[in-house]
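Novice: Here it is: the structure, laid out below.
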Amino acid sequence: MAFLKVSMTNGTPNYLAKLDKQHPDVTLHFLQNEDKTVAYYEGDDTSIFAEGREYEIVDAVGDIKDSGYVVMNNIPVSDEGRPVFEDRFKNRAGSVEETEGFQAIRILRPLSGNTYVVFTQWRNEESFTRWKNSQSFEKAHSQSGPDHKGKPSFIDGEAYITQYHMVQFSEE
Ligand code: HEM
């Protein structure tokens, strides 16, 4: 089975707006925080960015929207741990998509490096925070997660989160 790809690249807003114009036929989404601006692409074409971080989509629910709030959980996984990790996500609770303010989720397998990304998109930061403090989050992580004693064996380093607002570049 062929997996759809995701590619992400960083750049100045100016550069990314230009990239957007150069590819009128594809949909790019833009994410921004205090540190950086990121272009997000989803599809078959892996060569869209000169220096993209590329992933295969292992699981997806919901369409990525142009507005909202994104939280990515970046989880380093050992080579031998990959099947176990992916299996855990195949059997994930599935309650996040029932949550108020949820927009989309992508489980992303890295094409280089060892860091999987659990990409979640929310209507706003509050909806994410509410889920993070909920029983639903706790249950989904009863065998893993920040408060779990003892790291699951497939994790090969520290998981870290990155958070962004969706932004749009106005047409000029
Ligand atoms: C050290 C921190 C974390 C680790 C190691 C971790 C790992 C995992 C693992 C292994 C699963 C699959 C279910 C299981 O086997 O437990 C899972 C589910 C999930 N994780 Fe995390 N996680 C962490 C924190 C977070 C954070 C901060 C987010 C925020 C985006 C997040 C988002 C999710 C989502 C959306 C699911 C699926 C829940 C569902 O299906 O309802 N995780 N996580």
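Numbering (the working numbering), first residue to last: 1390 to 1561.
Don't be surprised by glycine CBs; every beta carbon is placed ideally from N, CA and C.
These numbers were taken from a predicted model, which means no experiment stands behind them.
Does the segment 1530-1546 come within contact of the segment 1449-1461, defined as at least 3 CB pairs closer than 8 Å?
Specialist: As far as the Cβ criterion goes, the segment 1530-1546 does not touch the segment 1449-1461, which means the pair count is below three.
Novice: Note down, in chain order, each residue of its chain lying with its Cβ closer than 7 Å to the Cβ of Ser1456, except the 5 sequence neighbours on either side.
Specialist: Cβ within range, chain order: Met1555.
Novice: By a C-beta neighbour count over all protein chains shown, 10 Å radius and 16 as the cutoff for buried, is Ile1464 buried or exposed?
Specialist: Under this definition Ile1464 is a buried residue.
Novice: Give the straight-line distance between the Cα atoms of Lys1425 and Arg1481, rounded to the nearest whole angstrom.
Specialist: Computed Cα separation, rounded: 31 Å.
Novice: Please classify Gln1492 as buried or exposed, where buried requires at least 16 neighbouring CB atoms within 10 angstroms.
Specialist: With 16 or more other Cβ atoms within 10 Å, it is buried.
Novice: On the DSSP letters alone, give me the boundaries of the alpha helix (DSSP H) that Ala1529 sits inside.
Specialist: From DSSP, the alpha helix (DSSP H) with Ala1529 extends over 1524-1529.
Novice: In this structure, what does DSSP give as the bridge partners for Glu1431?
Specialist: For Glu1431, which the question treats as bridged, DSSP gives the partners Val1395.
Novice: State yes or no: is the C-beta of Val1427 within less than 8 Å of the C-beta of Tyr1553?
Specialist: Yes. Within cutoff.
Novice: Contact between the segment 1524-1531 and the segment 1466-1486 is defined here as three or more beta-carbon pairs at a separation below 8 Å; is this criterion met?
Specialist: They touch, by the three-pair rule.
Novice: If you compare alpha carbons, which of Phe1438, Arg1442, Phe1392 is closest to Lys1407?
Specialist: That would be Phe1438, whose Cα lies nearest to the Cα of Lys1407.
Novice: Since Phe1474 sits in a beta bridge, which residues does DSSP pair it with?
Specialist: Paired residues: none, contrary to the question.
Novice: Verify the contact flag: Ser1523, CB atom, against every heavy atom of the ligand HEM, threshold strictly below 7 Å.
Specialist: Not so, every heavy atom of the ligand HEM lies at least 7 Å from the Cβ.
Novice: Of all the options Pro1402, Tyr1430, Asn1399, which has the alpha carbon lying nearest to the alpha carbon of Pro1413?
Specialist: Comparing Cα positions, the closest option is Tyr1430.
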